[in-house]
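What follows is a short report on a single structure.
Protein chains: 4
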Amino acid sequence: MSNTRQSATLLISAPDKKGLVAALANFLMTYNANIMHADQHQDTSENLFLMRIQWELDGFTLPMDAFAAAFQPIAAEHNMTWKVSLSSRKPRMAIFVSKYEHCLVDLLHRWRIGELNCDIPLVISNHEDCRRLVEFNGIPFHVVPVTRENKAEAEAEQFRLLEEAGADFIVLARYMQVLSGEFVKRYPDRVINIHHSFLPAFDGAKPYHRAFARGVKLIGATSHYVTEDLDEGPIIEQEVTRISHRDDVEDLIQKGRDLEKVVLSRAVRWHVDDRILSYSNKTVVFD
Amino acid sequence: MSNTRQSATLLISAPDKKGLVAALANFLMTYNANIMHADQHQDTSENLFLMRIQWELDGFTLPMDAFAAAFQPIAAEHNMTWKVSLSSRKPRMAIFVSKYEHCLVDLLHRWRIGELNCDIPLVISNHEDCRRLVEFNGIPFHVVPVTRENKAEAEAEQFRLLEEAGADFIVLARYMQVLSGEFVKRYPDRVINIHHSFLPAFDGAKPYHRAFARGVKLIGATSHYVTEDLDEGPIIEQEVTRISHRDDVEDLIQKGRDLEKVVLSRAVRWHVDDRILSYSNKTVVFD
Amino acid sequence: MSNTRQSATLLISAPDKKGLVAALANFLMTYNANIMHADQHQDTSENLFLMRIQWELDGFTLPMDAFAAAFQPIAAEHNMTWKVSLSSRKPRMAIFVSKYEHCLVDLLHRWRIGELNCDIPLVISNHEDCRRLVEFNGIPFHVVPVTRENKAEAEAEQFRLLEEAGADFIVLARYMQVLSGEFVKRYPDRVINIHHSFLPAFDGAKPYHRAFARGVKLIGATSHYVTEDLDEGPIIEQEVTRISHRDDVEDLIQKGRDLEKVVLSRAVRWHVDDRILSYSNKTVVFD
Amino acid sequence: MSNTRQSATLLISAPDKKGLVAALANFLMTYNANIMHADQHQDTSENLFLMRIQWELDGFTLPMDAFAAAFQPIAAEHNMTWKVSLSSRKPRMAIFVSKYEHCLVDLLHRWRIGELNCDIPLVISNHEDCRRLVEFNGIPFHVVPVTRENKAEAEAEQFRLLEEAGADFIVLARYMQVLSGEFVKRYPDRVINIHHSFLPAFDGAKPYHRAFARGVKLIGATSHYVTEDLDEGPIIEQEVTRISHRDDVEDLIQKGRDLEKVVLSRAVRWHVDDRILSYSNKTVVFD
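Chains as they are written, first to last, in numbering that gives the first Met the number 0: chain V, 0 to 286; chain Y, 0 to 286; chain Z, 0 to 286; chain E, 0 to 286.
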């Protein structure tokens, strides 16, 4: 995690068949790769092979700008979907926030101390509230108000800002607006949301109030990729904490904040570190 | 918990108003009660006061067969609903089971080593499978087959067996039949079920399969009192455990068994120890 | 927790004997107290009775400046040690920090959004590093360098600052200096430390490195009151998280930060809310 | 886990160097292996490469009785330590127990329902207490009394029984005698113990009493391989549970039983499934 050595990470999914690992291992060996981590998974019900390999670039004899051309024949032969990324090129994360700042504070602090190996070119909000905090961290803060009437224009403005900033992915840090289908399609598996319940329980609005009304003994939080179906996207991480009859709704909200921070930040770190593969509305997280 | 001293336990709920605690404390002091545990809770949204008091009988100057008469005036004045129980009179637990025996094995072992301070006068099943295990533990085992057609007769036979055995409450230890509304009405807050999901997620059938399909990162189990609405009764206890993409449905079922055992046995112990008060489709568990 | 109603909280410990609860309940009823929360505990091995009562001041007919005089006779009769506090008088918390800022960031944020019902009149550090962050939050920041040679003078300066600021208690938010015995005696049960291990395992220096070397499967954090014996004071809260062979020391440090924040902030909140009673080098935390 | 397909599992450790994975993958591909699971780990601080590969035997063209000869050249070239096992050959587990039966009950039940893919040729105890339970499960039960004086003779008798039964490994299910150094040397990484604390805290005797005295907020259990240094062997699994001031020593013992069962059974299952590699007094558990 705290690797300062330059490395490349390859994420692969392919129909499972014999010889895949050997093909990959031989390809990397040909160019003298020093493999740092390798993890694989077979989903037998879907006949799918998934793999993550990270290797050191020091000593690797294939220049990375020639990687695609060299790897493509193998990928084609095995029907691989693949993506390679370089530790030297930090992904660019945009954060969307409304008024609740706890997830934002948490992400910014983790970023500042090096837990999140990404750049944060901008924060977008539909309110002014978090400006001072964001600017204290030296990050541009943009307010794009959203109403029922101006939704399309607001998203157009958001797209413009995201493109201008070169954002690779977007984190909804308790952003209280629903994104349009068009937005979601532009950033497939690239918008991470935090929902304040243990999905699929209490999807939709006011989950803490409904958890209180139902009398559950644990509350949870869920981070997931955003899809067109609200709260139905592939789950990345979940966590719960115990509550008791002594906790009222306000206590649930307070305890929930700690869950939301942890669950969202794990998802962000795994995304940044290219640990997540998404398929069939599920995720594999290679640890 | 492992108290061998004889004690009485009083469970109370009443509209919250000033002076309740003083009235109770003074009543008990009058008869020289040595209070071992006292716990109370105010639900401000329902304006409800709930309390559990346990005191030693050694030195208590009011004979317990005169308790009701002596306490009734205070209870009436404060509109209390109350119930007193004696450690010397063990509650009688009936267990219903089908074929999965893990919860049954667990309950019987806890009972054998004294974790559950109750008697088990009988086990009822719709199958023969668990007979040898139950009889090994010296407990009568009754098979009452249940089909779509004979449901009413089967329940009539179950009622007869339960009454004959003097059962106070019933534990559904993975009993795979739905009880009728009439059954539930006979034993209000006296039938404890274990559902193999983190309710309200995945209520109904095949929760592990649906958890797998949804790609959740934690699975759970829920013990609750049975009401007429399936899987909707007051929740007593819940617990979850982590799963990963490496776990298939069979692994979920295996990991879930450990949850089910723990979650059901806690509910049973708390019920036996008179720690649970149920109201508004919720429970307070005094620990 | 988020109570805006004015209230008083009474913490009591006394030799256990019959009539204690009645005496307290009658005293409060005399002055028409509306009890919001009451929790008690008997430690039978120490024959100790411990209680926390919180009541609304609205309608309470005894002026709080006359409370001590009115209550003292009852306290004396029952040999009570007691302390009363008012929600209107926020405790004043001093924070000591060195260079690691994660606990500080966390405490300041919780304070800012109202999770911690206290004032923070100052932060003291032996380094300059956290100045900008502290001052961003509008809190005075004092640097008191500490070396082996100037320890006594440094503490004298710290005492002066603490008294000037009217600090009630001190939180060591990863403060890397050992306090003198004199310091500890000045603030009995009023200095809260976070130790980055699951005490008593790995007390002393470099707990994450030693946890890694020992190959444990969980790491922990412990908040405790500071006593003269390093890492031996009464434990307030502990939490653990799972690690695996994939985690190196850096990963342990990162995962540990999340534990430290949560475990320290819970201790601080409970202390601020007068939920903790300490005796026999243990704590009771009334929830 | 619930695989009914015949498979082979290879565990490897070797000095880390380039080409290891390719060498293994090519070897298996040569014989048309269908890899079901593969997991690897690099310990960079020890420059060690560790791997577990499981493949289907159906279609594998190398007869397993010729495996060693075919694989040895590759193993030698890379200085591998390796072990192959077949799903068709169940490992033989001996259980040692004294009087506490909870871990024994748990293991026997898991074995009966197929969670533990092993045979249990015998149970050895220094007491008669568990005979009825063991024999109910159809397993031979041997009593070998142990005193300070007869320790050597007792172990000689145990060795005889173990050899006669063809035991591969031994589980100490709360067996209250310390094994000699000779015993441990005979079964390196083959004796699994459960210690009723979160090691390294509270090693040695009476951990629950000492946890109570120290006032910890969580108690734990640890399963580990037995080495000559008591409670110092490589840790396989740990788990904790929350306690409070309401729990006395008896409650700790009761809550601890649930931990012990879970933590021991996981270790046993992982050992049986050849998921554990031990080195430098640590374990890697491939999940």
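Beta carbons are placed, not taken as given, at the ideal position from N, Cα and C, and that holds for glycine.
No experiment lies behind these values; they were computed from the predicted model shown.
Using a CB distance cut-off of 8 Å, I94/Y does not count as an interface residue toward chain Z. Using beta-carbon distances, E163/E does not count as an interface residue toward chain Y, since no partner is under 8 Å.
Just so you know, the alpha carbons of F211/Y and A210/V end up roughly 23 Å apart. Counting C-beta atoms within 10 angstroms of its own C-beta, N192/Z has 16 or more neighbours from the protein chains shown and is therefore classed as buried. Secondary structure remark: continuous beta strand (DSSP E) runs of at least 3 residues inside the stretch 65-119 of chain V, in chain order: 80-85, 91-96. Residues of the stretch 25-51 of chain V with a C-beta atom less than 8 Å from some C-beta of chain Y are H40, D42, T43, S44, listed in chain order.
When beta bridges are read from the DSSP output, G219/Y appears opposite V239/Y. Apart from the 5 residues on each side of it in sequence, S84/Y sits with its Cβ closer than 6 Å to the Cβ of T8, D273 in its chain, given in chain order.
In this structure, DSSP gives E231/Y a state outside helix and strand, which the three-state scheme calls coil. Using beta-carbon distances, I218/Z does not count as an interface residue toward chain V, since no partner is under 8 Å. Separation of the CB atoms of D230/Y and G203/Y is rounded to 7 Å, and the pair is thereby assigned contact status at 8 Å. Spanning the alpha carbons of K16/V and N33/E requires a straight line of approximately 8 Å.
At a cut-off of 8 Å between beta carbons, A200/E contacts chain Z.
Looking at K98/Y, L178/Y, F48/Y, H244/Y, the one whose alpha-carbon comes closest to that of M50/V is H244/Y.
Under the Cβ criterion of 8 Å, A13/Y is not counted among the residues facing chain Z.
Taking C-alpha positions only, A37/Z is separated from R91/Z by approximately 25 Å. An exposed status is given to R88/Y, since fewer than 16 other beta-carbon atoms sit within 10 Å of its beta-carbon. At a cut-off of 8 Å between C-beta atoms, V239/Z does not count as an interface residue with respect to chain V. Each residue's CA atom was taken as its position, placing A74/E and A153/E some 40 Å apart.
Comparing alpha-carbon positions, the option among L132/E, P14/E, V271/E lying closest to I169/E turns out to be V271/E. Judged by beta-carbon spacing, L115/Z lies beyond the 8 Å limit of L160/Z, meaning their Cβ atoms are not closer than that value.
Among the CB atoms of chain Y, one or more fall inside 8 Å of the CB of T282/V. As computed with DSSP, V284/Y is found in a beta bridge with I275/Y. Annotation: the continuous alpha helix (DSSP H) that includes N25/E extends over 19-29.
From the listed residues A21/V, F95/V, L10/V, the smallest Cα separation to Q176/V is found for F95/V.
Any Cβ of chain V closer than 8 Å to the Cβ of V83/E would place that residue at the interface, and such an atom is absent.
By the Cβ rule, the stretch 54-70 of chain Z does not count as touching the stretch 59-77 of chain Y, because fewer than three pairs are nearer than 8 Å. For the stretch 251-263 of chain V, the beta-carbon criterion of a distance under 8 Å to any beta-carbon of chain E is satisfied by none of its residues. With fewer than three CB-CB distances shorter than 8 Å, the stretch 245-260 of chain E does not count as touching the stretch 232-252 of chain Z. Using beta-carbon distances, H126/V does not count as an interface residue toward chain Z, since no partner is under 8 Å. Positions of the beta strand (DSSP E) runs, each at least 3 residues long and wholly inside the stretch 109-168 of chain E, are given as 118-124, 140-142 in order along the chain.
Excluding residues up to 5 positions away in sequence, F95, V96, S97 lie with their Cβ nearer than 7 Å to the Cβ of Y174/Y in the same chain.
For Q39/Y, the closest C-alpha among the options E100/Y, S86/Y, V20/Y, K260/Y is that of V20/Y. Residues of the stretch 185-199 of chain Z whose Cβ lies closer than 8 Å to any Cβ of chain E, in chain order: F197, L198, P199. In the three-state reduction of the DSSP assignment, H40/V falls in the strand class. Here F135/Z is exposed, its C-beta having fewer than 16 other C-beta atoms within 10 Å.
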